Amino acid sequence: MKIRTLTYMFTIFITLLTIDVNAEGKGIEKTEKSEVSPIGIISALSVESAYLKSRMSDVEIKHIMGRDYYIGNLNGHHAIVAQVGIGVINAAVGTAILIYEFKPKAIIMTGVAGGTNKTDPGDIIIANQVTFYDLGSLDDKGNFKRMPSSTPSSEFSGSGVEHDPLFYKADKTLLDKAVKASKSAKFNILEYNNKKYNAKPVEGIITSTETFTEYPEKINAMIKETNCIAFDMECAGAAQVCYNQKIPFLTIKAISDDGDFDMFNALLEPSAKNAEILVYALISEQ
2 MKIRTLTYMF TIFITLLTID VNAEGKGIEK TEKSEVSPIG IISALSVESA YLKSRMSDVE
62 IKHIMGRDYY IGNLNGHHAI VAQVGIGVIN AAVGTAILIY EFKPKAIIMT GVAGGTNKTD
122 PGDIIIANQV TFYDLGSLDD KGNFKRMPSS TPSSEFSGSG VEHDPLFYKA DKTLLDKAVK
182 ASKSAKFNIL EYNNKKYNAK PVEGIITSTE TFTEYPEKIN AMIKETNCIA FDMECAGAAQ
242 VCYNQKIPFL TIKAISDDGD FDMFNALLEP SAKNAEILVY ALISEQ
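Structure below.
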């Protein structure tokens, strides 16, 4: 009788314990699902997101695959800010990690870009489209032809080939809010070689290339083929990942130079901060 009683009591205990564990598990799952999705903000260099990091509160840093992801509150919004590294591949990897680990509702890329004859140093580029330049083919005469990326699941040739767009469009809602925020944002005046440059918001195309170039013929060729107003080395990689994962994306970058590497070094920090000022103002519009 005692054995049967003890067995009965033990069975009840295990049953209650199981119910409690399951309830706790469901509670955790419910909490995770009810959390507000963060806004993701990425930059190539640490200096390009330093201002935004300085404005964050309740910060927790997660180190994932060589990158630090700053998790916290930014102007009343749950945000993840990360330096993903220089170049299209680094940007794509850092963006993929952010999406996989943190499930952001949108991603904004900030930083600096090289200018063209359509822009001035200090201009804030709000990219309505971004595109790759380097992906393409060379014929036997050395003529280069751009081509779109193939989707990860496509075959090499034949009917199985599926392509991503040649140009990645900015999310319309983010773009409109950025344009609106740029009208009231207070930007800093830049100065180089005794010349001052005012920050002027400009909407247009940014072309990503893996090569920092000062060669005028190359710059002109890229402008002609893509109709861009600025160059960078990252945003198309991030845009492609966001496109494939259906994450709203926008690039905001300030012109740090006109192809002059000395100017780039001198204006990197102040121009990057101006881009961040607009990102911060945009978040206020959320």
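Residue 48 in the working numbering sits at position 47 of the sequence shown; the count goes up by one each step and never skips. Note that CB positions come from ideal geometry on N, CA and C, so glycine has one too. All of these numbers come straight from a predicted model, not from anything done at the bench.
So is residue i in contact with chain C if we call contact Cβ pairs under 8 angstroms?
i: LEU167; result: Absent here is chain C; the protein component of the structure consists of one chain.
Write down the C-beta distance between residue i and residue j rounded to the nearest angstrom, noting that I regard them as a contact closer than 8 angstroms.
i: GLU211; j: GLY260; result: Contact flag wrong, Cβ pair sits at about 16 angstroms.
i: ILE43; j: ALA83; result: 5 angstroms
i: LYS200; j: ILE125; result: Checking the sequence shown, residue 200 turns out to be Ala, not Lys. That belief holds up - the Cβ atoms of ALA200 and ILE125 are roughly 5 angstroms apart, short of 8 angstroms.
i: ALA114; j: ILE224; result: Incorrect: roughly 13 angstroms between the Cβ atoms, too far for contact.
Taking the alpha helix (DSSP H) that residue i falls in, what are its first and last residues?
i: PHE265; result: 262–285
i: ASP165; result: Unbroken run through ASP165: none, as it is neither H nor E.
i: TYR101; result: 89–103
i: LYS201; result: Note, LYS201: premise wrong, no alpha helix (DSSP H); not H, not E.
i: ALA171; result: ALA171 -> no alpha helix (DSSP H), and no H or E assigned at all.
i: ASN221; result: 217–227
Name, in chain order, the residues that DSSP records as bridge partners for residue i.
i: LEU74; result: In the sequence on display, residue 74 carries Asn and not Leu. Answer is SER58 and HIS79.
i: ILE108; result: GLY41 and PHE250
i: ILE65; result: ARG68
i: PHE1; result: Outside the displayed span of the chain (2 to 287) sits residue 1, for which this structure offers no information.
i: ALA114; result: ILE256
i: GLN84; result: SER44
Can you check which of these residues, the options, is closest to residue i by C-alpha distance?
i: PRO271; options: ASP258, ALA128 and LEU283; result: ASP258
i: GLU286; options: VAL85, LEU75, ASN144 and ILE62; result: LEU75
i: LEU136; options: ALA231, ARG68, GLU218 and HIS164; result: HIS164
i: PRO39; options: HIS64, ASP263, TYR101 and ALA51; result: TYR101
Locate the beta strand (DSSP E) running through residue i, then write down its first and last residues.
i: LEU191; result: 191–193
i: ALA231; result: 231–233
i: LYS184; result: Premise fails: LYS184 is in no beta strand (DSSP E) and is neither H nor E.
Report yes if the C-beta of residue i is less than 7 angstroms from at least one heavy atom of the ligand GDP; otherwise report no.
i: GLU235; result: As presented, the structure is devoid of all ligands, the ligand GDP included, so that no description of it is given.
Task: Stretch pair the segment 141–149 + the segment 240–257: three plus CB contacts closer than 8 angstroms - done: Contact fails: fewer than three Cβ-Cβ distances are below 8 angstroms.
- [ ] Determine contact between the segment 220–234 and the segment 96–108, defined as no fewer than three beta-carbon pairs at a distance below 8 angstroms.
- [x] No contact exists between the segment 220–234 and the segment 96–108.
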